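Peer 1:
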Amino acid sequence: EIHIKEPIEKEVNPHLLPGELLLCEASTVYKYTQEDGSSRGTYGKLVCTNFKISFLDDDSASDDNEPQFKNKIVGENDITLQCVDQIFGVYDEKKKPLTGQLRKYPEKLIIYCKDLRVFNFCLRYTKEEEVKRIVSGIVHHSQTPKLLKRLFLFSYASAAPNNTDGRNQTVMFETLEDWREELERTKGNVKYKVVTTNEGYRVSEKLPLYFVVPICISEESILKYEGRGIPIWCWSCHNGAALLKMSTFPKEQDDSTSQMQKAFLDGIYRTISKPPYELLKMDDLSSSLPSLQDIQTAYTKFKQLFLLDSSTDFWATDVKWFSLLESTNWLEIIRRVLKKAIEVAECLEIQHTNVLLIEESATDLCCVISSLVQVMMDSYSRTKSGFQSLIQKEWVIGGHGFLDRCNHLHKSEKEEAPVFLLLLNCVWQLVQQYPPAFEFTETYLTVLSDSLYVPIFSTFFFNSQHQRDTNKSGESFKTQSGPFRFLTVWDWSVQFDPKARAFLNNPLYAEKPKPDKSQRKTARFKHQRQLSLPLTQAKPSTKRGFFREETDHLIKNILGKRIGKFINSSDEPPNSLREFYDSWHSKPVDYHGLLLPRIDGPEIKVWAQRYLRWIPEAQLHGGGTIATAAKILDLMEEVQSLQVKMDEEHSQAVSGDVHSVPMLRNSARLSSLFPFALLQRQSVKPALPTSTWKDLEGEDDLVKRDDEFVDLSGDML
């Protein structure tokens, strides 16, 4: 039985962006709303454009049901073509993946999205010709390989008026001056210099136009192997120790070439490692962290837990939720990455040792670790503009292959890996453990992860600065005059109005006290955390946790290899890392100093807002962190209004902040996953028949089953 709203009389047309073209459409399509196990549905029209797949019903025509947290580009029933993960068709109650040319068309269409939404469309009452057009159109435009210039990014850039306000505080790292200012900010300009050797990309197309290297590195060295084997500066610690990264040489068959490369590297190491003044520690991330393939495999299993077709699916696997979660290995990978960042922080902070991260391209795990270390050690990277500048520096300009890793063009699944998503998951662990230390919220991180799949911004749609610059000119477009003007994702006004943007800022952020600026010079070489560490070696912790004695093979595998070899540096005490970790956690937190994540046992959590936001069963009505936030914001509003009365002036800034508060007033009706799940929706837990329990007990690996997408419950919350 299908419960539907009456068909609408007036025609509903899709809202098209500049450069967006309607490709195909189908009327009389029913979109199921999987709220309570019944097949309730909404009548409407399904359309496909060169930007998105969109479902239009009578709600689309009215503004009455407008959500409080609305994205101006991608609506509630819109799926960008890049956000489509998998498409299934249902034939006689059997689910089959849809790819390529279709001989038979399904009666039901299921679309799984990369932001973990699931759309169920019934095509049983749609005209046959329209079904053929819409299904083949959606499959073709969202799944088949395409050329870079066919991305909507270029259509939008050539058609949209460029009227952004430009008041963006994010440092883009596209100019020499940006790099010089960053060196000056971190006091790294004593030992490091910005080089212009790659202007015109004469060294390498993979490297940015400008980058920073140790002062003693010559231009000839940089040119010799196209920038490979050259330590590139990421960041300098307050004590002068620096974080560096380096791309390795490909494995050569020729012995003489290998010898030359080895001699070249030895020369570079001797130049930058000068004991006892300059110590260097190397860490080959390819051997000490999981491979990209392992990360992709783990995430593929993990996301299946949240791609649910119905309420029944949710409750059926609830009994095995924790074992299913553990079997994906995703949280374990997050733990290992955070532990690696702690190791690097200890070298920089306590041992005053330069750390050189090594990876084949230095654009994947190097980006993750270097970014995490900076978020942990540099409070500027915990502000919104600072974090955005960090992503620009390490990822966008640093040459992370977003196009390949996100598989935006559907060219090769072998290159696909959620590396940037891994970073956001790790940063979220810190945000939820130390909320006052961050100027931005978890909602900010969630919409940033969603923006990976919105092709009107150039930020996440190129593999390198060179690729963006060569395609920006528009030379291959005969009709194109002048360069494209791409938008940057950091201009949040494009996606959200001021009320919605208020959710991206943390009202409880502990801003840095102003007197700190005058004290900075005197306190520069002695960090607060450093002063709090014991001078003598402490007794090893008896607490059994993540860092316990590596007594068995399993734990050794989980921990991975210790940080790489020293070059002429002193021996490290065997438990110095645990001592560093325990000592830091035994003292009060300085929200503007070093932050170390808690990684013992269950401290590593599932990012509930991102992964559970579309699942009604997983929501706590009138509960969760949003209930607390609502009370605090009410109090803040009262304080602000009293302040206004006292000052007898209504400044625009204050009234702007007050506007964000009334939205949370009725906290009893809000979901714990607000602002994505807005108001209370009921879900009834069905009684499980005995046969289902028996089936579950006999199932070894539900995650690997093709047609069953397992799930989670409120147990986790």
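Residue numbers for the sequence shown, in the UniProt record's numbering: 1 to 717. Using N, Cα and C, we set each Cβ at its ideal position, and we do this for glycine too. A quick note: this is a predicted structure, and the numbers were derived from the prediction, not measured.
To the nearest angstrom, report how far apart F306 and N354 are at their CA atoms.
Peer 2: 41 Å
Peer 1: State whether the stretch 324 to 342 contacts the stretch 297 to 304, with contact taken as three or more CB pairs (one from each stretch) at a distance under 8 Å.
Peer 2: Contact between the stretch 324 to 342 and the stretch 297 to 304 is present, because at least three Cβ pairs lie under 8 Å.
Peer 1: Below 8 Å on the Cβ atoms is my contact criterion, and I expect H585 with L596 to pass it. Report the Cβ-Cβ distance as a whole number of Å.
Peer 2: 7 Å
Peer 1: Would you mind sorting M646 into buried or exposed? The rule is 16 or more other CB atoms within 10 Å of its CB.
Peer 2: exposed
Peer 1: Using a Cβ-Cβ cut-off of 7 Å (strictly less than) and excluding sequence neighbours within five positions of E199, which residues of its own chain qualify?
Peer 2: Closer than 7 Å at the Cβ level, and outside the excluded window around E199, lie L209.
Peer 1: Enumerated in chain order, which unbroken segments of the beta strand (DSSP E) with a length of 3 residues or greater are wholly contained in the stretch 249 to 308?
Peer 2: Within the stretch 249 to 308, the complete beta strand (DSSP E) runs of at least 3 residues are 280 to 284.
Peer 1: Mark S247 as exposed unless 16 or more other C-beta atoms lie within 10 angstroms of its C-beta, in which case mark it buried.
Peer 2: buried
Peer 1: Go ahead and pull the three-state DSSP assignment for W235.
Peer 2: strand
Peer 1: If you reduce the DSSP assignment to three classes, tell me which class E697 lands in.
Peer 2: At E697 the pLDDT is 48, less than 50, meaning the model places this residue with poor confidence; the figure from the coordinates comes in the next sentence. Helix.
Peer 1: Give the straight-line distance between the Cα atoms of residue 721 and T363, rounded to the nearest whole angstrom.
Peer 2: Outside the shown range of the chain, which is 1 to 717, sits residue 721, and nothing can be said about it.
Peer 1: Can you give the Cα-Cα distance for Q101 and I134, rounded to whole angstroms?
Peer 2: 13 Å
Peer 1: Determine whether the beta carbon atoms of P276 and L356 lie at a separation below 8 Å.
Peer 2: One thing to note: P276 has its Cβ no nearer than 8 Å to the Cβ of L356.
Peer 1: Can you tell me which of G401, S218, V419, E182 puts its alpha carbon nearest to the alpha carbon of C234?
Peer 2: Closest by alpha carbon: E182.
Peer 1: Since D178 is in the alpha helix (DSSP H), which residue starts that stretch and which ends it?
Peer 2: Segment 176 to 185, the alpha helix (DSSP H) holding D178.
Peer 1: Name the DSSP beta bridge partners of Y91, please?
Peer 2: According to DSSP, Y91 bridges with K94.
Peer 1: Quick one, are the C-beta atoms of K384 and F440 less than 8 Å apart?
Peer 2: yes
Peer 1: Quick check: what's the CA-CA separation for H592 versus P214?
Peer 2: 28 Å
Peer 1: For K104, list the residues DSSP reports as bridge partners.
Peer 2: None; K104 has no bridge partner.
Peer 1: Check whether the Cβ atoms of S412 and K206 lie closer than 8 Å to each other.
Peer 2: No Cβ-Cβ contact shorter than 8 Å links S412 with K206.
Peer 1: Tell me, please, whether the stretch 307 to 314 touches the stretch 369 to 388 by the rule of three or more beta-carbon pairs shorter than 8 Å.
Peer 2: By the criterion of at least three beta-carbon pairs nearer than 8 Å, the stretch 307 to 314 is not in contact with the stretch 369 to 388.
Peer 1: Just the C-alpha distance for E359 and C366, rounded to the nearest angstrom, thanks.
Peer 2: When rounded, the distance between both Cα atoms is 7 Å.
Peer 1: Can you look up L244 in the DSSP assignment and give me helix, strand or coil?
Peer 2: strand
Peer 1: Span of the beta strand (DSSP E) holding S54?
Peer 2: 52 to 56
Peer 1: In whole angstroms, what separates the C-alpha of T443 from that of L504?
Peer 2: 6 Å
Peer 1: For K127, does the count of other Cβ atoms within 10 angstroms reach 16, so buried, or fall short, so exposed?
Peer 2: The Cβ neighbour count for K127, taken over all protein chains shown within 10 Å, is under 16; the residue is labelled exposed.
Peer 1: Rounded to the nearest angstrom, what separates L23 and F154 at their Cα positions?
Peer 2: 17 Å
Peer 1: Going by DSSP in three states, P507 sits in which element: helix, strand or coil?
Peer 2: Correct three-state label for P507: coil.
Peer 1: With DSSP as the reference, label L116 as helix, strand or coil.
Peer 2: coil
Peer 1: For T353, which of helix, strand or coil comes out of DSSP?
Peer 2: DSSP, reduced to helix, strand and coil, places T353 outside both helices and strands of the structure shown, so it counts as coil.
Peer 1: Which of helix, strand or coil does DSSP assign to Q68?
Peer 2: coil
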